[in-house]
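Taking it in order: structure first as structure tokens, then the write-up.
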DNA sequence: GAGGCGGTTGACTGACCGTTCAATCGCCGA
DNA sequence: TCGGCGATTGAACGGTCAGTCAACCGCCTC
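Chains as they are written, first to last, in our numbering: chain A, 4 to 197; chain B, 4 to 197.
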């Protein structure tokens, strides 16, 4: 008797993760959810809206988590660690969801509507880096905007490695990935003691 | 009287770059190439094969360029710079091609066949990092495999920023991106003088 | 100028799939 | 027990496209 809407969304995540958005049929989602495919249109206007909903709900949560890190008052390098943790641990929490977000959304075709929300993730990282520079923790000869893209790219690529099964993804390895990227990025950004 | 095959491939790159693989029709490619769509099947077995050909031909070239850098005998950090140059400058060379490779191929659905060739790019970066560690240029407490994914991710994300029009991509900025990512990565990987 | 042949055309087919909707179910309140 | 209504079903529709194929073109050769 769980909320059908949720059931459908969860099923859709599994199906999109398995087959990709374009190649999965509405009927597949319905079957996975254990409903007739017509019922999906009782809850969603279209297949597109299902994907958009998955994106909106979960990406919003990610942004929230990032903002909480940002507001924590920790030093900038610790905040970067917090962001890395949030992103990388989401893999263990819900691998299928990460699969969908990484593959379908991050570089979707007409992302006009999503650009703002995706951009907010980059902006948060950028602000953390800028604060680190202002506090003297990070070097100032690096463009924070570019740096934020590089940092996010490193994180996303690790997720991609796990999504594609090309990088080991046990608890151990997730922790190591976290350590590694923070090590590299933070010493790469570190202020050189003059 | 140019080779029709080439004409079709070039047209396909433009169309895939504009509309994405799944949403672009064979007829669109044909129109862009100035031929009847039936003729496409004279040169290619299917729409899939067109994309696969685009990938194979161009990715192979990228791997070749990477291998040339690797064989250059330069120190590891210079080799990383060479790799970054190769990848980032490809944007100015052929933006549409980069668009297609980044969006359609790097995380395509059934990439079983492509995994080897994609993997070779990571392996090359990994070998460069390992050589840097052996030569004492890079710190040894970082897993070269993970580091290669992080480095590639940073590079690809910058390309993505350009693809999405979210990062400025003038000559100036491309050069700066090159400098920035190498700065960050190389000092992030640098051996700490003990 | 006849014959042949690779290149080229575009109408057509067959299948697929998102979406609609009329019919049915089953719960609940009166 | 009845009526009503939201939830649910799945057959049918409509449109889209990848891929096929029979005909045609124009160039070359003999």
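Ideal placement from N, C-alpha and C gives every residue a C-beta, glycine not left out.
- Around the beta carbon of residue 44 of chain B, fewer than 16 other beta carbons lie within 10 angstroms, which makes this residue exposed.
- For residue 174 of chain A, the uninterrupted alpha helix (DSSP H) segment begins and ends at 174 to 192.
- Taking C-beta separations shorter than 6 Å and ignoring five residues to either side along the sequence, residue 34 of chain B has no partners in its chain.
- For residue 119 of chain B, the enclosing alpha helix (DSSP H) stretches over residues 118 to 137.
- Residues of chain A whose Cβ lies closer than 7 Å to the Cβ of residue 90 of chain B do not exist; the shortest such Cβ separation is about 12 Å.
- If you draw a straight line from the Cα of residue 28 of chain B to the Cα of residue 189 of chain A, it is about 46 Å long.
- In the DSSP secondary-structure assignment, residue 141 of chain A is bridged to A/193.
- For the 8 Å CB-CB criterion, residue 193 of chain B and residue 141 of chain B form a contact.
- No residue range can be given for residue 48 of chain A, since it is assigned to no alpha helix (DSSP H) and is classified by DSSP as neither H nor E.
- Exposed is the label assigned to residue 95 of chain A, since fewer than 16 other Cβ atoms lie within 10 Å of its Cβ.
- Within the segment 29 to 61 of chain B, not one residue has a Cβ closer than 9 Å to any Cβ of chain A.
- A residue is called buried once 16 or more other Cβ atoms fall within 10 Å of its Cβ, and residue 118 of chain A, having fewer, is exposed.
- Annotated three-state conformation of residue 85 of chain A is helix, per DSSP.
- At least one CB of chain A lies nearer than 8 Å to the CB of residue 179 of chain B.
- Residues of the segment 146 to 177 of chain B with a C-beta less than 8 Å from any C-beta of chain A: 146, 148, 149, 150, 152, 153, 154, 155, 156, 157, 158, 159, 160, 161, 163, 164, 166, 167, 169, 170, listed in chain order.
- In the three-state scheme derived from DSSP, where H, G and I count as helix and E and B as strand, residue 147 of chain B is classed as helix.
- The beta carbon of residue 80 of chain A sits closer than 7 Å to the beta carbons of 135, 140, 189 from its chain, once the five residues preceding and following it are set aside; these are given in chain order.
- Boundaries of the alpha helix (DSSP H) harbouring residue 33 of chain A: 29 to 36, taken from the DSSP string.
- For residue 190 of chain B, the chain A residues whose Cβ falls inside 9 Å of its Cβ are 142, 190, 191, 192, 193, 195, in order along the chain.
- For the 8 Å CB-CB criterion, residue 56 of chain A and residue 100 of chain A do not form a contact.
- If you compare the alpha carbons of B/151, B/16, B/22 with that of residue 52 of chain B, the shortest gap goes to B/16.
- With respect to chain A, the C-beta atom of residue 184 of chain B has a partner C-beta closer than 8 Å.
- Straight through space, the alpha carbons of residue 89 of chain B and residue 182 of chain B are spaced by roughly 13 Å.
- For the set B/61, B/47, B/102, the Cα lying nearest the Cα of residue 19 of chain B is the one of B/102.
- By the rule that beta-carbons nearer than 8 Å mark a contact, residue 70 of chain A does not touch chain B.
- The beta-carbon distance between residue 177 of chain A and residue 91 of chain A, rounded to whole angstroms, is 6 Å. This is short enough to meet the 8 Å contact definition.
- Secondary structure note for residue 17 of chain A: its alpha helix (DSSP H) is the uninterrupted segment 7 to 22.
- At a cut-off of 8 Å between C-beta atoms, residue 108 of chain B does not count as an interface residue with respect to chain A.
- The beta carbon of residue 122 of chain B falls within 8 Å of a beta carbon belonging to chain A, placing the residue at that interface.
- The residues 29, in chain order, have a CB closer than 6 Å to that of residue 50 of chain B in the same chain once the five nearest residues on each side in sequence are set aside.
- Distance from the CA atom of residue 97 of chain B to the CA atom of residue 162 of chain B, rounded to whole angstroms, is 12 Å.
- Within chain B, 145, 150, 153, 188, 191, 192 have C-beta atoms less than 8 Å from the C-beta of residue 187 of chain A, given in sequence order.
- For residue 101 of chain A, the uninterrupted alpha helix (DSSP H) segment begins and ends at 98 to 103.
- When C-alpha distances from residue 155 of chain B are compared across B/165, B/137, B/129, the shortest belongs to B/129.
- Its Cα nearest to that of residue 93 of chain A, the residue A/62 stands out among A/168, A/41, A/62, A/145.
- Ranked by Cα distance from residue 37 of chain A, the options A/14, A/26, A/22, A/54 are led by A/14.
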